[in-house]
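To start, the structure itself, in structure tokens.
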Amino acid sequence: MTSEERTTSQAADNLRDLEHRLAEALKARVPWVNELTEEELEATLCALGACLNAMLDAGIEASERPEGTP
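Residue numbers (my numbering): 2 to 71.
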């Protein structure tokens, strides 16, 4: 695997991890998420994914969450 492929693979892994953490944070922190239909939740998560992709494309990296943050 080339260095560029590793970097791309790591970015994809980071994106999936961030999407998962955001989905979990939404469920844990925002009660109205439980009232969303599956379609609404999917649309919300897709929009978050698009936002994360734009951040990654812009070279913005998410910082690690402080200890104790859900």
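No residue lacks a Cβ here, since even glycine has one placed at the ideal position from N, Cα and C.
Can you check whether the CB of residue j is closer than 8 Å to the CB of residue i?
{"i": "L53", "j": "L16", "result": "yes"}
{"i": "L42", "j": "V31", "result": "no"}
Could you check how far apart the C-beta atoms of residue i and residue j are, in whole angstroms? I think they sit under 8 Å.
{"i": "L37", "j": "T45", "result": "7 Å"}
By DSSP, does residue i sit in helix, in strand, or in coil?
{"i": "V34", "result": "helix"}
{"i": "A12", "result": "helix"}
{"i": "T45", "result": "helix"}
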